[in-house]
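J.:
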Amino acid sequence: MKLGMIGLGKMGGNMVLRLLQGGHQVVGHDRSEDALNNIRQHGATGTQDMDEFIASLGEPGTRAVWVMVPAGQITQSVLDDLASRLAPGDIVIDGGNSNFKDTQRRAEELGARGLHFVDVGTSGGIWGLKEGYAMMIGGPEEAVERLRPIFETLAPAPDRGWGRMGPSGSGHYVKMVHNGIEYGMMQAYAEGFELMKAHKTFNLDMAQIAELWRHGSVVRSWLLDLTAEALQNSADFDQLSDYVADSGEGRWTIIDSIELGVPTPVITLATQMRFRSQQEVSYAGQMLSAMRRAFGGHAVKVLEATKQESLVPEIHAGEDPRAAAPENIPVAAAHAPSQGQSAEQQLGESGQQRVKGEE
């Protein structure tokens with residue numbers, strides 16, 4: 002089938018390439034000419050002109066547009082623009098990490114115009130082009146069924162890795178919880194390996210342990226596979242900042258748990274650890290140091306310089322995902338940054354803000 006894709010970054014661009022491999026026709030739209038050229042050389046059509054983009058998608062009422070842009074105001078502005086251009090019966094897909102409450106509101110607003118709105122929580126990262134994407138889908142059954150050929154191509158296999166979760170908002174809701182669980186898993190691995198590395202008596206080999214755990218262990222996972230590969234390649238983490246971005250889903254998962262009265266202590270603490278990593282200096286820590294000196298006269302440390310960091314650009318669509326391995330970060334640091342994208346967008350932080358109250 003024919004599909005329009007708005008947003009040709011590392012996720013949207015790779016999804017276009019996988020769809021082309023599956024025999025679909027894809028028309029891409031992006032502000033970056035480099036991103037458009039990347040899909041054109043693989044057989045897709047690409048344009049920066051929105052009128053031309055819409056006109057190339059087919060007859061009104063039969064068109065489908067997939068939006069793959071950063072969550073938040075950027076997504077909202079794209080959807081508002083599409084709502085004014087599309088016709089009843091057309092389908093709009095949001096494949097980003099939008100807040101599920103925003104998605105429910107948007108589905109109602111677009112539905113009033115006769116447009117079908119499908120939310121697709123998409124997981125798979127930069128490996129999705131090769132391995133396929135897991136897709137958690139919300140929206141009207143009729144619209145989801147019309148898009149079946151697209152989902153079957155993007156998924157790891159036609160009969161697995163994708164499914165309709167329920168009505169509008171359910172896809173993004175399940176993806177939100179998925180990412181909250183991901184936070185907890187990553188934090189547990191990081192803490193365990195840090196503890197073993199700190200136990201100098203045994204002089205443990207982190208690479209050996211990670212590789213061993215990959216086979217037969219109850220803690221084996223794809224995250225562990227990637228960790229083991231990095232350690233086997235003698236990845237040096239000393240150059241990396243301990244800054245860990247959070248894209249919003251962990252926050253929203255915690256908010257939902259509070260509203261429902263369901264305890265999520267692991268996800269909550271893992272998210273809090275990310276907040277701590279994002280501080281240049283902890284005011285609470287400085288206060289503790291000051292109090293300790295005040296009552297006990299203890300020695301304290303003072304700052305000579307605050308944390309200085311630079312941004313290593315994100316991986317581009319079509320690029321070998323192994324370029325993201327830790328041992329390749331020094332090389333990536335020399336590359337030009339992604340055009341038209343802020344540091345917050347590249348770090349995945351642009352969707353943190355959620356609509357509050359009556360807004």
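Using this note's numbering, you'd call the opening residue of the sequence shown number 2 and step up by one each time.
Here a beta-carbon is modelled for each residue, glycine too, at the ideal position from N, C-alpha and C.
State yes or no: is the C-beta of residue 281 within less than 8 angstroms of the C-beta of residue 308?
T.: Yes, the Cβ-Cβ distance between residue 281 and residue 308 is below 8 angstroms.
J.: Mark residue 38 as exposed unless 16 or more other C-beta atoms lie within 10 angstroms of its C-beta, in which case mark it buried.
T.: By the 10 Å Cβ count, residue 38 comes out exposed.
J.: Compare the Cα-Cα distances from residue 253 to each of 176, 94 and 49 and report the closest residue.
T.: Residue 176 is the option with its Cα nearest to residue 253.
J.: Report the option in 220, 170 and 204 whose CA atom is closest to the CA atom of residue 187.
T.: Answer by Cα proximity: 220.
J.: Less than 8 angstroms between the beta carbons of residue 10 and residue 319, yes or no?
T.: It is not a contact, given that the beta carbons lie outside the stated cut-off.
J.: Three or more C-beta pairs under 8 angstroms: does that hold for the segment 132 to 141 against the segment 149 to 161?
T.: Touching, yes, given that three or more Cβ pairs across the two stretches are closer than 8 angstroms.
J.: Would residue 28 and residue 46 be called neighbours here (beta carbons separated by less than 8 angstroms)?
T.: The answer is yes: Cβ separation under 8 angstroms.
J.: Hey, could you find the ends of the alpha helix (DSSP H) residue 248 is sitting in?
T.: No alpha helix (DSSP H) contains residue 248, which DSSP labels as neither H nor E.
J.: Report all residues from its chain with a CB closer than 8 angstroms to the CB of residue 344; omit the five preceding and five following residues, and keep chain order.
T.: Cβ within range, chain order: 312.
J.: Use the C-beta contact count for residue 108: other C-beta atoms within 10 angstroms, 16 or more gives buried, fewer gives exposed.
T.: Classification for residue 108: buried.
J.: If we ignore side chains and look at the alpha-carbon of each, how far apart do residue 141 and residue 209 end up?
T.: Going from the Cα of residue 141 to the Cα of residue 209 covers about 48 angstroms.
J.: Quick one: grab the DSSP three-state call for residue 43.
T.: Residue state, collapsed to three classes: coil.
J.: Could you tell me which of 165, 130 and 170 sits nearest to residue 147, measuring between CA atoms?
T.: Answer by Cα proximity: 165.
J.: Under 8 angstroms, do residue 54 and residue 25 count as touching if we go by C-beta distance?
T.: No, the pair does not count as a contact, with Cβ atoms beyond the cut-off.
J.: What do you reckon, are the CB atoms on residue 231 and residue 291 nearer than 8 angstroms?
T.: No. Outside cutoff.
J.: Taking the alpha carbon of residue 74 as the point to measure from, which residue in 161, 97 and 317 has its own alpha carbon closest?
T.: Checked all of 161, 97 and 317; the closest Cα to residue 74 is 97.
J.: Report the partner residues of residue 123 according to the DSSP bridge assignment.
T.: DSSP output for residue 123 lists 136 as bridge partner(s).
J.: Taking all protein chains shown into account, do 16 or more other C-beta atoms lie within 10 angstroms of the C-beta of residue 4, making it buried, or fewer, making it exposed?
T.: Flag for residue 4 reads buried.
J.: For residue 130, which residues in the same chain have their Cβ closer than 7 angstroms to its Cβ, ignoring the five residues on either side in sequence?
T.: Counting only Cβ-Cβ distances below 7 angstroms, and skipping sequence neighbours, we find 15, 18 and 19.
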